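J.: Right, I'll just put the structure down here and ask away after.
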Ligand SMILES: [Zn+2]
Ligand SMILES: [Zn+2]
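Chains as they are written, first to last, in the working numbering: chain H, 102 to 251; chain V, 12 to 316.
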């Protein structure tokens with residue numbers, strides 16, 4: 102049998118892919134399982150580029166960052182322990198998004214599958230009032246759809 | 012492994028002159044295993060007549076419920092063997108955080124909806140929650156897994172002597188993300204259905220009807236065929252017919268599904284329509300006819316798109 106994802110995760114992914122709020126799914130050990138187009142636009146990376154990043158890879162690239170601007174190791178992120186205890190988390194961080202430091206708020210919800218594996222659905226949004234720019238890949242799709250004009 | 016359909020209808024019984032061929036009874040399938048013992052898939056109204064056809068030799072009885080929507084349990088209270096003290100009946104079904112399987116079924120088999128209570132039924136009744144479980148029933152290995160419907164719902168994969176029957180009667184795997192856009196591991200029901208000898212699967216709606224039923228928990232023809240294409244069973248029995256669909260309509264829907272399957276490169280007889288009293292011997296299914304001309308390469312339409 103292949104390792105089909107538990108239904109809870111499949112539904113979470115399908116929900117996230119329909120949302121305009123940036124969101125991602127983190128699996129066991131912090132592996133990045135999925136992020137939606139809004140997250141891609143905000144972070145400056147499409148999911149296809151970032152599929153399967155390990156916890157230290159995505160924390161090195163995106164953060165969250167400590168006050169001196171360095172990435173916080175995955176195990177030290179306050180959300181990590183809360184989710185491991187199967188408790189939702191809400192907090193504020195700074196992250197690296199599209200090459201800029203941006204303040205965000207984060208809500209994370211644990212997803213516990215029947216096999217007891219724990220993942221998390223994470224929603225986040227910038228709090229500095231600056232807009233999220235469309236990711237170039239999405240813009241290209243849009244241009245194709247419209248014969249080259251937006 | 013043998014199968015007999017006692018109810019192929021979804022949602023609500025649909026008896027009448029316009030449904031004589033496909034039948035009006037709701038979901039119920041009798042499975043005969045290699046040692047002649049029986050499994051029953053769902054307890055829709057079809058189970059009433061199955062109960063009338065059963066004998067003492069069919070004991071003990073195992074009923075696998077996919078979920079507790081009425082069209083899958085309504086026949087339970089009219090299933091003769093539950094009223095016999097000689098019967099030993101085990102009911103398997105989905106767990107819910109809210110109440111036990113027994114208590115949830117008892118909401119239907121209790122006043123004012125029913126004249127009896129579960130505790131009054133004279134048979135020896137046992138209830139088991141079957142989420143994410145694999146277990147043996149007689150010679151069969153049974154696997155249950157949650158699938159995308161409305162509320163806690165299971166699909167089943169039953170393996171006996173190398174033959175595999177997969178039963179997912181209520182399923183909307185394409186909700187939220189087109190099947191063509193996601194990898195196998197992100198498709199609800201994928202592991203249950205993969206390479207089965209026979210897949211019994213939801214195909215309640217035409218593609219046009221589905222536009223007004225998004226999120227209702229059922230499949231349009233195109234998603235059913237996409238799911239088949241991805242999971243590669245040898246044969247498919249399209250199931251859970253909409254109560255509004257007459258025999259003529261279902262003939263048309265079946266022809267359409269079959270034509271589209273051939274256009275994808277499949278063989279016409281790989282796609283079957285479930286009809287009440289249809290019997291199939293899964294170990295004796297004839298080899299599929301030549302594949303459709305459209306693909307032209309002799310390959311079955313297995314594709315990740
Ligand atoms: Zn149903
Ligand atoms: Zn249902």
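Glycine included, each C-beta is placed from N, C-alpha and C at the ideal position. Computed from a prediction, not measured in an experiment: that's the story for all the values here.
Could you tell me whether any non-hydrogen atom of ligand 2 is closer than 8 Å to the CB of residue 361 (chain V)?
T.: No statement about residue 361 (chain V) is possible, as the shown extent of chain V runs from 12 to 316 and does not include it.
J.: Below 8 Å, is the gap between the Cβ of residue 56 (chain V) and the nearest heavy atom of ligand 2?
T.: Because no heavy atom of ligand 2 lies under 8 Å away, the Cβ of residue 56 (chain V) does not count as near it: no.
J.: Could you tell me whether the stretch 54–70 of chain V touches the stretch 35–43 of chain V, using the rule of 3 or more Cβ pairs below 8 Å?
T.: Yes, since at least three Cβ pairs between the stretch 54–70 of chain V and the stretch 35–43 of chain V fall closer than 8 Å, the two stretches touch.
J.: With three or more beta-carbon pairs closer than 8 Å as the criterion, would you say the stretch 239–249 of chain V touches the stretch 197–214 of chain V?
T.: Because the criterion of three Cβ pairs below 8 Å is met, the stretch 239–249 of chain V and the stretch 197–214 of chain V touch.
J.: When the Cβ atoms of the stretch 266–275 of chain V are set against those of the stretch 222–229 of chain V, are three or more pairs found closer than 8 Å?
T.: Touching, no.
J.: Locate the alpha helix (DSSP H) running through residue 30 (chain V), then write down its first and last residues.
T.: Careful: residue 30 (chain V) lies outside any alpha helix (DSSP H) and carries neither H nor E.
J.: Is there a Cβ of chain V sitting closer than 9 Å to that of residue 111 (chain H), yes or no?
T.: For residue 111 (chain H), the answer is yes, since a Cβ of chain V falls inside 9 Å of its Cβ.
J.: Would you verify that the beta carbon of residue 193 (chain V) is, or is not, closer than 9 Å to some beta carbon of chain H?
T.: Yes, because at least one Cβ of chain H sits closer than 9 Å to the Cβ of residue 193 (chain V).
J.: Quick check: is the beta carbon of residue 167 (chain H) nearer than 9 Å to any beta carbon in chain V?
T.: No - not a single Cβ of chain V is within 9 Å of the one on residue 167 (chain H).
J.: When the Cβ atoms of the stretch 143–153 of chain V are set against those of the stretch 110–122 of chain V, are three or more pairs found closer than 8 Å?
T.: Result no; under three Cβ-Cβ pairs closer than 8 Å.
J.: Using a Cβ-Cβ cut-off of less than 9 Å, list which residues of the stretch 176–192 of chain H approach chain V; keep chain order.
T.: Per Cβ criterion, the list is empty.
J.: What are the partner residues of residue 248 (chain V), as DSSP defines its beta bridges?
T.: Answer is V:211, V:283.
J.: Can you list, in chain order, the residues of its chain with a C-beta nearer than 8 Å to that of residue 193 (chain H)? Leave out the 5 residues immediately preceding and following it.
T.: These residues qualify, in order along the chain: 204, 205, 206, 207, 228.
J.: Starting from residue 158 (chain H) and walking both ways along the alpha helix (DSSP H), at which residues does that stretch end?
T.: That run of the alpha helix (DSSP H) goes 156–163.
J.: Going along the chain, which unbroken runs of the alpha helix (DSSP H) with 4 or more residues stay wholly within the stretch 93–158 of chain V?
T.: With a minimum length of 4 residues, the continuous alpha helix (DSSP H) runs that stay inside the stretch 93–158 of chain V are 112–117.
J.: In the DSSP assignment, find the unbroken alpha helix (DSSP H) run with residue 171 (chain V) in it and report its ends.
T.: First-last for residue 171 (chain V): 165–171, but that is the beta strand (DSSP E), not the alpha helix (DSSP H).
J.: With respect to 8 Å, is the separation between the Cβ of residue 78 (chain V) and the closest non-hydrogen atom of ligand 2 below this value?
T.: Yes, since a heavy atom of ligand 2 falls inside the 8 Å radius drawn around the Cβ of residue 78 (chain V).
J.: Less than 9 Å between CB atoms is the rule here; does residue 146 (chain H) satisfy it with respect to chain V?
T.: It does not: the Cβ of residue 146 (chain H) has no partner Cβ on chain V nearer than 9 Å.
J.: For residue 208 (chain H), which beta-bridge partners are listed by DSSP?
T.: In DSSP, residue 208 (chain H) forms a bridge with H:191, H:224.
J.: Please determine, among H:138, H:114, H:111, H:178, the residue with the shortest C-alpha to C-alpha distance to residue 164 (chain H).
T.: It is H:178.
J.: Determine, for residue 201 (chain V), whether the minimum Cβ-Cβ distance to residues of chain H falls below 9 Å.
T.: Yes, contact with chain H.
J.: When DSSP labels each residue in this structure, what does residue 136 (chain H) get in the three-state scheme?
T.: Residue 136 (chain H): strand per DSSP, three-state reduction.
J.: For residue 203 (chain H), does the three-state DSSP call read helix, strand or coil?
T.: Note: residue 203 (chain H) maps to strand in three-state DSSP.
J.: For residue 47 (chain V), which three-state DSSP category applies?
T.: Correct three-state label for residue 47 (chain V): coil.
J.: Per DSSP, what kind of secondary structure is residue 290 (chain V) in: helix, strand or coil?
T.: Strand.
J.: Beta-carbon within less than 6 Å of residue 191 (chain H)'s beta-carbon, same chain only, minus the 5 sequence neighbours each way: which residues are those?
T.: 208.
J.: Cutting at 7 Å between CB atoms, please list the residues of its own chain near residue 121 (chain H), excluding the five before and the five after it.
T.: Cβ neighbours of residue 121 (chain H) beyond the five flanking positions: 139.
J.: Straight-line CA distance for residue 294 (chain V) to residue 45 (chain V)?
T.: Their Cα atoms are separated by approximately 10 Å.
J.: Could you confirm whether any beta carbon from chain H is found closer than 9 Å to the beta carbon of residue 196 (chain V)?
T.: Chain H contact via Cβ: present.
J.: Please tell me whether, using a cut-off of 8 Å, the distance from the CB of residue 224 (chain V) to the nearest non-hydrogen atom of ligand 2 is below it.
T.: For ligand 2, not one heavy atom lies less than 8 Å from the Cβ of residue 224 (chain V).
J.: With distances taken Cα to Cα, identify the nearest neighbour of residue 27 (chain V) among V:255, V:298, V:279, V:265.
T.: For the residues V:255, V:298, V:279, V:265, the minimum Cα distance to residue 27 (chain V) belongs to V:255.
J.: Measuring only between beta-carbons, confirm whether residue 175 (chain V) sits less than 9 Å from chain H.
T.: With 9 Å as the cut-off, residue 175 (chain V) does not count as an interface residue toward chain H.
J.: Measuring CB to CB, does residue 150 (chain H) end up less than 9 Å from residue 131 (chain H)?
T.: The answer is no: Cβ separation not under 9 Å.
J.: With a cut-off of 9 Å, does the C-beta of residue 18 (chain V) fall near any C-beta of chain H?
T.: Judged by the 9 Å Cβ criterion, residue 18 (chain V) is not in contact with chain H.
J.: For residue 234 (chain V), collect the residues of the same chain with a Cβ closer than 7 Å to its Cβ; drop the 5 residues on either side in sequence, then sort them by chain order.
T.: Taken in chain order, the residues that qualify are 184, 185, 190.
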